[in-house]
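Heads up: the sequence shown begins at 252 in my numbering, then just goes up one per residue. C-beta atoms are modelled at their ideal positions from N, C-alpha and C, and glycine is treated no differently.
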Amino acid sequence: MAHAFFGGVHPNDMKAATKDKAIEQLAAPAQVVIPMSMHIGAPSKPIVAVGDKVKVGQMIGEPGGFVSVPVHASVSGTVVAVEPRPFSMGGYMTAVVIENDFQNTLSEDVKPAADPEGLTPEQLCEIVKNAGIVGMGGATFPTHVKISSGFGKIDTVIINAAECEPYITGDHRTMLERPEEVVGGAKLLAKMFGLDKVHLGIEDNKMNAVEVLKKVIEETKAPVVLDVFHTRYPQGAEKQLCQAVTGRQVPPGALPSAIGCAVFNLNTVCAIYRAVYQGMPVVNKVVTVSGSGVIEPKNIECPIGTPISKLFDACGGLKEETYKLIMGGPMMGLAQYSTEVSVGKGTGAMLAFAEDEERTSETSSCIRCGKCVGVCPMHLEPLYMFKYGEKNLLDAAEAANVLDCIECGACTYNCPARLHLVHMFRTTKQKINDAKRAAKAKADAEAAAAAAKKEA
Ligand code: SF4
Ligand code: SF4
Numbered sequence: 252m253a254h255a256f257f258g259g260v261h262p263n264d265m266k267a268a269t270k271d272k273a274i275e276q277l278a279a280p281a282q283v284v285i286p287m288s289m290h291i292g293a294p295s296k297p298i299v300a301v302g303d304k305v306k307v308g309q310m311i312g313e314p315g316g317f318v319s320v321p322v323h324a325s326v327s328g329t330v331v332a333v334e335p336r337p338f339s340m341g342g343y344m345t346a347v348v349i350e351n352d353f354q355n356t357l358s359e360d361v362k363p364a365a366d367p368e369g370l371t372p373e374q375l376c377e378i379v380k381n382a383g384i385v386g387m388g389g390a391t392f393p394t395h396v397k398i399s400s401g402f403g404k405i406d407t408v409i410i411n412a413a414e415c416e417p418y419i420t421g422d423h424r425t426m427l428e429r430p431e432e433v434v435g436g437a438k439l440l441a442k443m444f445g446l447d448k449v450h451l452g453i454e455d456n457k458m459n460a461v462e463v464l465k466k467v468i469e470e471t472k473a474p475v476v477l478d479v480f481h482t483r484y485p486q487g488a489e490k491q492l493c494q495a496v497t498g499r500q501v502p503p504g505a506l507p508s509a510i511g512c513a514v515f516n517l518n519t520v521c522a523i524y525r526a527v528y529q530g531m532p533v534v535n536k537v538v539t540v541s542g543s544g545v546i547e548p549k550n551i552e553c554p555i556g557t558p559i560s561k562l563f564d565a566c567g568g569l570k571e572e573t574y575k576l577i578m579g580g581p582m583m584g585l586a587q588y589s590t591e592v593s594v595g596k597g598t599g600a601m602l603a604f605a606e607d608e609e610r611t612s613e614t615s616s617c618i619r620c621g622k623c624v625g626v627c628p629m630h631l632e633p634l635y636m637f638k639y640g641e642k643n644l645l646d647a648a649e650a651a652n653v654l655d656c657i658e659c660g661a662c663t664y665n666c667p668a669r670l671h672l673v674h675m676f677r678t679t680k681q682k683i684n685d686a687k688r689a690a691k692a693k694a695d696a697e698a699a700a701a702a703a704k705k706e707a
């Protein structure tokens, strides 16, 4: 039974431009620029050097710690640079640049598991780890860490197929065109967590995908339950999806695992399937290229590391009037200032705006209408959080639970004063976390100095 979550908004979904367009394969680019950080956690460490020949699926970056993943070559060719390059999260990030030889030579390491059905949960998790799989809906948390830390503690696994952000249709097309990967990956998750069923949460604006999945689930007798929800943003936010499926609420400051839930993006589930049955690590990504600035919007599958300029080229280019580029959806995505940045594991969309999508106001102040409070799915009071952030009152902002903000953008969307609420919350959270880290470092240094003095 579907449970409702509090708040949310109903933006125009803008999916018509691409929802009926099959996924196209991008003609491989001459160069790929593969960042060593496409995940939450420690960046990976490059293990190749300039001049090395590499093959598709070969590891080129090793994990930089437990919460980290390996990175693999997405084309075959020659490494021409290992150096900092413009990064989609801002600034620069070490990247391995590969000159494509267009041979598409597969690494000897890419081979399917010999007996997939006979693998233990731990062996499956090891395959997920070695394939460099992360939360591919944009969260980018290493999937093997989520799985291994959930062994014995999770009673509900949910596949997130809500794809609630406007414009984005890659998951929708994947369900229509590759349902076996979705259902096969779901079966593997059920096995890893020892469950007799997994849930797949989907919105009712994708009923043709529901029909396709239903057929495959029935034919293969797969342990998958489809939960169809009314379309409402942010239905695909982890905590809201958990509530919608189970009726349980994640406590403030906690993760879904606190209520026995583990949520996996649909793309992640397909990546698990490919890793086990094809031996293929994460080397490709389906990206929706859309928005009023794109001549011919499409869903495109491209090698990881493809410069975003190549995606726009494949869509007929950008209109002259284009004034804004966003990586991700319009609600949670990040503005980009260069077409040199490349597609990462969490990139689901590249949008270009040329019309009046952005309703900004230079000088504005809160009119205390309360509209932001009514739509916040986390039961927060954005107007106060904004005021505290603006005045740099970090303790007050923390007391107002700004750290629980999931940055969904529903408040910004609904604010008649057009205040940059989410931007303020991101900055405030960053400042609070920086202050906490600095305080801890200071306390550790003082404790170490005191211990040294005692010994002396
Ligand atoms: S305060 Fe945060 S969680 Fe609440 S609506 Fe705004 S962005 Fe979303
Ligand atoms: S919606 Fe905007 S103007 Fe209204 S109370 Fe919230 S922050 Fe203020």
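Residue range of the unbroken beta strand (DSSP E) whose run includes residue i
i: K549; result: K549 to P554
i: Y732; result: Residue 732 lies beyond the range of the chain shown here (252 to 707); nothing can be said about it.
i: I410; result: T407 to A412
i: F604; result: A600 to F604
i: K575; result: K575 to M578
i: K536; result: N535 to S541
i: I285; result: Q282 to P286
Straight-line Cα distance separating residue j from residue i
i: V712; j: Q486; result: The question about residue 712 has no answer, for the chain in this structure spans 252 to 707.
i: G542; j: P280; result: 23 angstroms
i: T678; j: V537; result: 30 angstroms
i: M340; j: K704; result: 43 angstroms
i: G258; j: L631; result: 10 angstroms
i: V368; j: L439; result: Correcting the residue identity first, residue 368 is Glu in this sequence and not Val. If I take the Cα positions, the gap works out to 9 angstroms.
i: H671; j: A441; result: 41 angstroms
i: Y528; j: G452; result: 24 angstroms
i: K266; j: I419; result: 6 angstroms
i: T394; j: Q491; result: 20 angstroms
i: K693; j: D646; result: 19 angstroms
i: Y524; j: N518; result: 10 angstroms
i: P372; j: L654; result: 34 angstroms
i: E606; j: Y574; result: 8 angstroms
i: R688; j: V318; result: 18 angstroms
i: M252; j: G498; result: Reliability of the predicted coordinates at M252 is poor, the pLDDT of 49 falling under 50, and the value obtained from them is presented with this limitation in mind. One C-alpha to the other measures close to 9 angstroms.
i: E359; j: V301; result: 21 angstroms
i: A701; j: A707; result: 10 angstroms
i: T216; j: V307; result: No answer is possible for residue 216: the residues shown for the chain start at 252 and end at 707.
i: E377; j: A268; result: 39 angstroms
i: G568; j: R429; result: 28 angstroms
i: G421; j: A699; result: 51 angstroms
i: R483; j: M629; result: 15 angstroms
i: Y639; j: A648; result: 5 angstroms
i: Y635; j: A686; result: 20 angstroms
i: L207; j: T663; result: In this structure the chain extends from 252 to 707, so residue 207 is not present and cannot be described.
i: M601; j: K642; result: 34 angstroms
i: V396; j: A505; result: 16 angstroms
i: S615; j: L370; result: 59 angstroms
Endpoints, the alpha helix (DSSP H) within which residue i is located
i: R688; result: L672 to E706
i: R424; result: G421 to E428
i: E608; result: Counting along the chain, E608 falls outside any alpha helix (DSSP H), and DSSP gives it neither H nor E.
i: G640; result: P633 to E641
i: I378; result: P372 to N381
i: E649; result: L645 to A650
i: H450; result: H450 -> not in any alpha helix (DSSP H); beta strand (DSSP E) instead, spanning V449 to E454.
i: A586; result: No alpha helix (DSSP H) contains A586, which is instead part of the beta strand (DSSP E) from L585 to Q587.
i: H261; result: Counting along the chain, H261 falls outside any alpha helix (DSSP H), and DSSP gives it neither H nor E.
i: N665; result: A661 to N665
i: S616; result: Looking at the DSSP string, S616 is not in any alpha helix (DSSP H), and its letter there is neither H nor E.
7 angstroms Cβ cutoff met for residue i and residue j
i: V299; j: I311; result: yes
i: G595; j: M289; result: yes
i: M426; j: V433; result: yes
i: V496; j: I409; result: yes
i: V320; j: P314; result: yes
i: A513; j: G401; result: yes
i: L277; j: I555; result: no
i: E591; j: P337; result: yes
i: A293; j: G316; result: yes
i: G389; j: G597; result: yes
i: I405; j: G511; result: yes
i: P474; j: K448; result: yes
i: H423; j: A460; result: yes
i: T557; j: V283; result: yes
i: C659; j: A488; result: yes
i: A668; j: I618; result: yes
i: V673; j: A603; result: no
Length-filtered (3 minimum) beta strand (DSSP E) runs lying within the region 462-532: As summarised for the region 462-532, the continuous beta strand (DSSP E) elements at least 3 residues long and confined to that stretch are 475-480 and 512-516, given in chain order.
Whole runs of the beta strand (DSSP E) within the region 291-332, excluding any shorter than 3 residues: Listed in chain order, they are 310-313.
Near ligand 1, which residues have their beta-carbon closer than 7 angstroms to a heavy atom? Around ligand 1, the residues selected by a Cβ distance under 7 angstroms to any of its heavy atoms are G258, C623, V626, C627, P628, M629, L631, P633, M636, C656, I657, E658, C659, G660, A661, C662, T663, L672, V673 and F676, following chain order.
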